[in-house]
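Below: the structure, in structure tokens.
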Amino acid sequence: MKKRVIWFLFLLLFIVHQDFWWWDDAFLVFDFLPIGLAFHAGFSIVCSILGWAAIKYAWPHDLERFAEENNDEENAI
């Protein structure tokens, strides 16, 4: 279930990233930052949070155990 939510959010961000609706907008955020640039700054923060959530909730823990087991076997030799 958590993996599906992560994938849905990833696809949603992929679609929202195409911010064509602000290409011709001259609005300035805080009177100096173009709205498109402000959007991408916020978008980058949201992407980093999604990356953290993907690692925390959707990471395949079986691969971690497999890698740790192989590492322990190599150290024993």
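The working numbering applies: residue 1110 is where the sequence shown begins, and numbers increase by one.
Cβ coordinates follow ideal geometry from the N, Cα and C atoms, glycine included.
From a predicted model like this one, the values you see are computed outputs, not experimental measurements.
Buried or exposed by the 16-neighbour rule on C-beta atoms within 10 Å, applied to I1115 = buried
Touch test, the segment 1116-1126 against the segment 1146-1157, Cβ-Cβ under 8 Å, three pairs minimum | yes
How many angstroms separate the CA atom of E1178 from the CA atom of W1130?
-> 50 Å
I think D1134 touches I1144, with their Cβ atoms under 8 Å apart; what is that distance to the nearest whole Å?
-> 5 Å
Taking Cβ positions only, does F1141 come closer than 8 Å to chain B?
-> As a matter of chain content, chain B is missing from the structure shown, which is built from one protein chain.
With respect to the alpha helix (DSSP H) encompassing H1149, which residues constitute its N-terminal and C-terminal limits?
-> I1144 to A1167
Is D1099 near F1148, with beta carbons less than 8 Å apart?
-> With the chain covering 1110 to 1186 only, the question about residue 1099 has no answer from this structure.
Boundaries of the alpha helix (DSSP H) in which W1116 is found, first to last residue = K1111 to V1125
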